[in-house]
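Chains as they are written, first to last, in my numbering: chain A, 1 to 738; chain B, 1001 to 1738.
For each residue, glycine too, the CB sits at the ideal point set by N, CA and C.
Only one structure is covered here, and it is reproduced in the block below.
Number of protein chains: 2
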Amino acid sequence: MTTTYFTRLLAISLCLSGAVTAQEKKLLGYPENEAAQQLQLEDRFNKKLSSVHIGETIRSLSSRPHHVGSARGKAVAEDILQRFKSYGWDAEIVTYQVLFPTPKERVLELTGPVSYKAVLKEPALKEDATSGQDGQLPTYNCWSADGDVSGELVFVNYGLPDDYEYLARAGVDVRGKIVIAKYGRSWRGIKPKVAQEHGAIGCIIYSDPKDDGYYNGDVYPQGAFKNEYGVQRGSVMDMVIYPGDPLTPDIGATAAAKRLDRQAATNLLKIPVLPISYHDAAPLLRALDGPVVPEDWRGALPFTYHIGPGKAKVHLKLSFDWQIRPCYDVIAKLKGRELPDQWVIRGNHHDAWVNGAADPISGLAALLEEAKAIGELAREGYKPRRTLVYCAWDAEEPGLLGSTEWVEDHATELREKAVVYINSDSNGRGFLYASGSHALETLVNEVARDITDPQTQVSILARKQAADMVRATTPKLKKEKLARQTININAMGSGSDYSSFLQHLGVPSLDFGFGGEDAGGEYHSIYDSYDDYTRFKDPGFHYGVTLSQTAGHTALRIADAVTLPFDFRRLYETASGYVSELTELTANMREATAIENQLVKERKYLLAADTAKRLQPPALKDPVPYIDFSPLQNALITLDTITQALTAGKIIADKQQVNKAFYLAEQQLLNEKGLPSRPWYKHTLYAPGFYTGYGVKTIPGVREAIEQRRWTEATEQIQSAAAALNRLAAHLRTIVNI
Amino acid sequence: MTTTYFTRLLAISLCLSGAVTAQEKKLLGYPENEAAQQLQLEDRFNKKLSSVHIGETIRSLSSRPHHVGSARGKAVAEDILQRFKSYGWDAEIVTYQVLFPTPKERVLELTGPVSYKAVLKEPALKEDATSGQDGQLPTYNCWSADGDVSGELVFVNYGLPDDYEYLARAGVDVRGKIVIAKYGRSWRGIKPKVAQEHGAIGCIIYSDPKDDGYYNGDVYPQGAFKNEYGVQRGSVMDMVIYPGDPLTPDIGATAAAKRLDRQAATNLLKIPVLPISYHDAAPLLRALDGPVVPEDWRGALPFTYHIGPGKAKVHLKLSFDWQIRPCYDVIAKLKGRELPDQWVIRGNHHDAWVNGAADPISGLAALLEEAKAIGELAREGYKPRRTLVYCAWDAEEPGLLGSTEWVEDHATELREKAVVYINSDSNGRGFLYASGSHALETLVNEVARDITDPQTQVSILARKQAADMVRATTPKLKKEKLARQTININAMGSGSDYSSFLQHLGVPSLDFGFGGEDAGGEYHSIYDSYDDYTRFKDPGFHYGVTLSQTAGHTALRIADAVTLPFDFRRLYETASGYVSELTELTANMREATAIENQLVKERKYLLAADTAKRLQPPALKDPVPYIDFSPLQNALITLDTITQALTAGKIIADKQQVNKAFYLAEQQLLNEKGLPSRPWYKHTLYAPGFYTGYGVKTIPGVREAIEQRRWTEATEQIQSAAAALNRLAAHLRTIVNI
C-alpha cells in the first residue's frame, strides 16, 4: 500500500467521522450556558499546549539518571518546583524519609555442569546518547533480601500458583532450590513471593525473548524491543499487602514517625531476587535437565526448555545498602474561587529507575504542560471554582512511596477535601487508556468525545471505540460494542500512584494514558531514554499534548462544575456486572470442580497420561458449595432504585449538599477492616490481586475468597461488600426524593 | 513422583477398570453362540501374535532405503510376497507402471544481501545405524516442477489462503517472487498450489523448530524431535484433484494403459518446490526485511521474523528425472468358505521415502503379523466365511499410487465384491486412532472394547475415552464424553491408501493406528529408522501387537459375521451432525460477514490500525444469503425413519440380501459427477479438503462451496448430497418393513 493510498483512506474516514465530534456538547454537571463557557476555556487551554515544549521537558528531565535518593533526583524535584512557581502556582516540596535499598554486591553464576558468570550489565550504545552515563542504578530488584545462596536450579515458568500446581504434578519440589521465572503474566513481585511460599531459597527473574525481545520485533537499537542484554529493574515489595515505605504503614514517613523494625515489615521478602537479561538466562536454562516443559511454558530461546532440577546449579549472592533516604514530593496548588476546600488533585511521579524518558517523564511532562497552561489562564484572569492540586511524586518506582506517604500523612484532610485524584504515568502513541472509579465513567466519555486524536483527527473516544470493536473476539461482542456510543473505563489494580487515594482513602480516582502503538522493551532499563522515546514512543510528542488535554480537561471540568460530574448509575451498572461475574464464576467453578474430581477419581487422568512422562493426576479439590449472594443482590436492588432516581433528577438537596454527597460517596465503599490479611486495602470494589499484583480484582474480598476456595470467608466478604453498597445507597438516599 | 508410586496408581486403576473389560460380549452381526466362538477365535489369534516377531519384521524391512522404483523397493515387495506365501496365503505381485520423478539437481542459495548456499543434506549420525547408508533419496518434494528461478523472497507463514489475505492487507504481492512457507497447518501440497495461484515463481517449505524441532522437545539423536538438519520429504502432487499416477486418472496404470502427456495432468505443479531444514531456512529468514510478521506467524528461530520482500534474494534450481517406474503391489488372498465373492480387504503400504521404520513398516509389520496368525489358524482348520484380501501397496508416498492404480484397475470387481477396506500406516505408542465409514462405528467400539492396552491393561476403548474426556476443552464437553460409553471415529480425509476405496469407489473403509505418546521429528527423513523407532515410537513393539489385534479382529469379525456388522443408525446420526454444522457455519458466516463489513465500511478498521504499520482494512465480503438446507434436512428425516426400523430389527429380506444391501450401501452415497472441479472424488460425505489436503471436509461439496462463498454451487451441492442420502434411504428401504 502506498502512503498516498493510506492518506486518502484516512481523509475519507475524517469526512465520515465528523459526525462523531460534532455531536451535542452537553456537559454533565453544567447548565447549558456554563457548558459553552467551559468548552471555550478548554479551547483556550488547548491553544497554550505545545508539543515542542513537552519534548523539551522530556529531554531536560530525563537527561540524567534520577532515582529516589540520588542528587539528580533531588535536582529534578527542585526543577519541577521552580517550574510550578514560574507558572504562578503556590508550590512546595514535602519531604519524607523512606527506606530505599540499593545494591552493594550482585553475583550470579552457574556452577555446574558448566561455569557461567552472569554479565548483569546493559551496555552503552552509540545510538542512545544517555545509555553510557554515570549514576545509573545497576540491574536489580528493589526489596530483594540480602542473601548468599547456592542450589539446584528449577524453571518455574511465570512463577505463579498454577505453575506450582503443575510442578507438583510433575513431582518437582522447589524447597531448598533456586527458581528461575519469566517476567510476565503478573506483576514481578508475585514471583518471588510465591517462590518463597513454596520454600525456594532464591529467585531469578528474566525477560524471555518471547514476551519481551526479538520474538516481538526488531531489538534495540535497530528496533524498539528488548535486546539480549536489556534488563527490567523493578520493585518486588509485596505491595498487595501495603505499598509505601515498608517501615511506616498507615502513617506518613516523616522524620519523626515511629518506624517498624525492617524484620517486622510484612511486605518484605526473606529471599534474594535478581532480574537478568535473556543473554544471562540462556546458559542457565540450557543447563537444565529433567522433564521437558509443557507447551505453554515455552519461550523463544533456541533450545528445548527443561524444568530441572538436576545438574544445573547456581550461586546467587546479593547484598544491599538499606538506607533511609529523603523522598521529595512536589505539591502545587491553585486556590479555588468558590470552594477552596474541595480539591481536584492531579499527579504523576518524577523518580525513574534510570533516565525514565517514558516512565515517568512523558506523563509528568504532560502534567507540567497542563500546569503551565492553567497558570497562563490564571494570569489572564481564570480562577477555578475548586482548588487544583498538582503533584509530582518521588519514589514511585520502589513502591508508590512518595504518594502513599503524602496520602497517609494527609489522610484526615483528604477525607474531607479530596474530590478526585487524576493520575498519569508513562505515555505513548495510540489509544486512550482510562481506568478508575466508575461513577466517573460518563465524564471520561464526555471528555474523550471532545478531544481529537492527533493521527486520525477523529475523537479519542471514536478511535478507542473502533479499537474495542475490531479487537472484540466474537461477532456478538463486536455487535455489542458497535451498538454502544460509549467506552468502559477499566477498574484500578495497582502499579501507579492512585492506589493510596482510591484503595486506602476512597478518593474517586482516574488514571489516563495513551498507548498501543508504542510497544518496546525499554521499560525500567537504561534504554528508556530520550533517544528511544523520540523514535518509538511518541515521536513529535503529539500524544503528550493529547494527554495534557485529557487530564487537563478532566481536572478543569471537575474543578469548575456546578454539580460535580458523577454518574452513579454507571457505578451501579458496573457493580451489578461484577456480581454477575461472581455468581457465574462460582457456578463455573462448581461445575468444573465436580467434573475434574470425577475424572480424577475414575482414574481418567491416569489413563489419559503418557505413562513414560509420569505426570500425576491433578489433586482433588474440595467441592464448591452454593453460596448466598443475596446480600449483594439485594443491595444492588436498592442501589438500582436510588441511582435511577438520581439519573431522573429527583434530587431534593441543595447544590452544595449534592456536591459533598457526590464526592464523599466513594468513601462509603470502604470497609474499615480492609481486606482479609491486608487491612491497608479498604475499598470493597477494587484492589490489586493478591496473586496478580498490578492486575485488578473487583469485589476483591469476595472474588479472591472464591478463587482461593475459602468459602466461609467468601460469605463474610459478601456481607462486607453488601454493607458497603448499602452504605452508598443510604448515603445517596439523603439527597434523592423517592 | 517415584516409579513405585506411579505403578501403584496404575495398579489401583486396573482393579477399578476391570468392570469395563468384563462387560457383556454381544457382537454385532453374530448370534449368541457364534459370538462366543468368534471371541475364542480371536483369543487363539491373539496368542499367535508376537511383539518380538513384529520387531524383527520392522528391523528387516527397514534395514535399507526402499522407495518406489529402487532395487531394494522391489526386493521388499518380493520379501513380503514370500512371507504371505509362507503363511499359506495365495499371493502375487501386481505391477503397474507409474511416473515417479527423482531429483537430478537441487540448488538453493541466498544471493543477497549476503550469500548462503543451502546444505540440503541430513548428516549421518553414529547413534543411528542406517542413517549413513547409500541409496537414500535426497531431500526433495516429489512432483515439484523443473525450474531455475531467481527472485525476491517473501515469507508467507503456512502458505494458506488466510495468509495471503493478510499479505494483501499488508500490501505484499508475491507475483514474480519466491515464497518460503512453514510446514504445518495443512498438507504440504497445498502450500505450493496456493503460492502458484498467487503468482509466485518458486516455493520453499521448511520445518520451523516451533512446529517440528527443539521447541517441542530434545532433538535427535538426544531426543526424538527434529534436529537442525532434518528435512521432511514428501509429495506435492495436487492429490485433492486426484491421487495415483498423474498420467492415468480413473484407470489402472498398466503397461498398456493410455497415458496423458505430463503437461495435461491437472494435479501437477508448474513451479519448483523444495523442502529444507531450519538450519538452511534460518539465513534466508534472517535476511528478510519489510514488515514484522503478526503474532501467529512467528516461529522459534532466535530472531525477528519479517515478511519481505526486499533485499533478500534467492536462487532456486531444481531438475528431475521424470521416469516411468514399476510399482509392485503385493496381493494375498485367503478364500472365503461361504461367501468367496465378498472381500474383506486389509492394506498398508510398503514403500518408504528412506528406511521408513515407522512410516510405513510399523503398520505393515502388524499387517504381516495378522496374516501370519491367520495363516496359522487356517493351518489349524480355520476358514473365514468371506474372502480375506491382504495387500501391501507400493508407491504410496508419492501420492497413493499403488493402491489407487489397483483400485482403478479392479474397479468393476471391487464394486461387486468389496465389503470393507481396512487400512493402517505408521503406528506408535499411545491411544487408538480410528477413522472411517460411520456405519462401522459401532463395530469399532465393540472391537476396541475387547482389546487390552499394553501399558495400562484397560481396554483400548477405555483408554481412548479417558483421553477424550481429559482433553475436552470445557466442563460441558467433558461431561458429555463422560456420559457416553462409546467413542466416535473420525471422518476420512486423505493421506493414506483408503482414499480410492472410500472416496472413489464407495467401499466402506476404516483406518487404524496408535499414537499420541510417540511424538518426534523423524517423519519422511533419514532418521525414520529402526534405531529411532525402538527408542521413541514403540519400544518393545507392544502397540504393533495391539494394532494387529485391532485390525485383525475387525477383519475377522467382518469376514465371519452372519449379518455384516454395519450400524446405519450411527451413519444417520453422524450425517445429521454434519448438516447441523453446515447450517450453523452458514449462520455464523452471515453474522460475521455482516459485522465485519460494517466495521470496514464505517472505517473502524482504519481507525483501529496503527497508522505507522499501514495495514489495510480487510476486503469487503459479499453478504451470506439464506440457503435452503431443506433437501438435506428432509432426506435426513427419511433416513431417520429407516435406520430406526433397522435398529429395531424390522428386516424383511433374507440374510444374504441384507448382507449385500449393507455392504453396497456406502456406494449409494457416491455422486457419479464427483465434486465440483474434482470429479475423481465421488463421495458426498467425505473428501480431503481442497485447501487442507489430508484434513477432511465432511459433506464436502456443500461445505467447501459455503466456505469459499459460492452460493449457487452450495445450493446445487445440497441437492446432490440430499439425493445421495435419499438413494441410501431407498436402498435400505428395500430390506426393512415400515
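Residue burial classification, residue i (beta-carbon count within 10 angstroms, cutoff 16)
{"i": "N1227/B", "result": "buried"}
{"i": "V1330/B", "result": "buried"}
{"i": "N445/A", "result": "buried"}
{"i": "G1506/B", "result": "buried"}
{"i": "K1182/B", "result": "buried"}
{"i": "G1577/B", "result": "exposed"}
{"i": "I652/A", "result": "exposed"}
{"i": "D654/A", "result": "exposed"}
Euclidean distance between Cα positions of residue i and residue j
{"i": "G290/A", "j": "D163/A", "result": "16 Å"}
{"i": "Y1096/B", "j": "P1360/B", "result": "20 Å"}
{"i": "A705/A", "j": "L685/A", "result": "14 Å"}
{"i": "E1338/B", "j": "R1386/B", "result": "6 Å"}
{"i": "P161/A", "j": "A129/A", "result": "42 Å"}
{"i": "A392/A", "j": "L364/A", "result": "7 Å"}
{"i": "P123/A", "j": "G1299/B", "result": "28 Å"}
{"i": "T442/A", "j": "K417/A", "result": "22 Å"}
{"i": "E1397/B", "j": "H1066/B", "result": "11 Å"}
{"i": "A1730/B", "j": "L1440/B", "result": "20 Å"}
{"i": "K126/A", "j": "D218/A", "result": "17 Å"}
{"i": "R64/A", "j": "I180/A", "result": "32 Å"}
CB contact below 8 Å: residue i versus chain B
{"i": "A300/A", "result": "yes"}
{"i": "T304/A", "result": "yes"}
{"i": "A598/A", "result": "The sequence given here has Gln at residue 598/A, not Ala. With 8 Å as the cut-off, Q598/A counts as an interface residue toward chain B."}
{"i": "D208/A", "result": "no"}
{"i": "G252/A", "result": "no"}
{"i": "P294/A", "result": "no"}
{"i": "V545/A", "result": "no"}
{"i": "Y498/A", "result": "no"}
{"i": "L732/A", "result": "no"}
Residue-level contact to chain A via CB, residue i, 8 Å cutoff
{"i": "P1623/B", "result": "no"}
{"i": "A1462/B", "result": "yes"}
{"i": "D1218/B", "result": "yes"}
Beta-carbon proximity check, residue i vs residue j, cutoff 8 Å
{"i": "G1234/B", "j": "N1141/B", "result": "yes"}
{"i": "A378/A", "j": "G199/A", "result": "no"}
{"i": "K1048/B", "j": "A1373/B", "result": "yes"}
{"i": "D538/A", "j": "D518/A", "result": "yes"}
{"i": "D1560/B", "j": "P1340/B", "result": "no"}
{"i": "L316/A", "j": "P272/A", "result": "yes"}
Residue i: CB within 7 Å of a non-hydrogen atom of the ligand FMN
{"i": "Y523/A", "result": "The ligand FMN is not part of the structure shown, which contains no ligands of any sort."}
For this session: Check each residue of the region 601-618 of chain A: if its Cβ is closer than 7 Å to any Cβ of chain B, include it; give the result in chain order.
Result: R603, K604, Y605, L606, L607, A608, D610, T611, A612, R614, Q616
Problem set entry | Chain-ordered residues of the region 1166-1179 of chain B with a beta carbon less than 7 Å from chain A | G1171
Exercise. Listed from N- to C-terminal order along the chain, which residues in the region 1575-1596 of chain B have their beta-carbon within a distance smaller than 7 Å of any beta-carbon of chain A?
Worked result: E1591, A1592, I1595
Exercise. Using a Cβ cut-off of 9 Å, which residues of the region 1436-1457 of chain B contact any Cβ in chain A, in chain order?
Worked result: D1453, Q1455, T1456
Exercise. In chain order, what residues of the region 1501-1528 of chain B put their CB closer than 9 Å to some CB of chain A?
Worked result: G1516, E1517
For this session: Could you name the residues of the region 222-250 of chain A whose beta carbon sits closer than 8 Å to any beta carbon of chain E, in the order they occur along the chain?
Result: Chain labels in this structure do not include chain E; the protein chains are A and B.
For this session: With 8 Å as the C-beta to C-beta threshold (strictly closer), list the residues of the region 480-494 of chain A near chain B in chain order.
Result: L482
Problem set entry | Cβ-based contacts, 9 Å cut-off: residues of the region 1113-1134 of chain B near chain A | none
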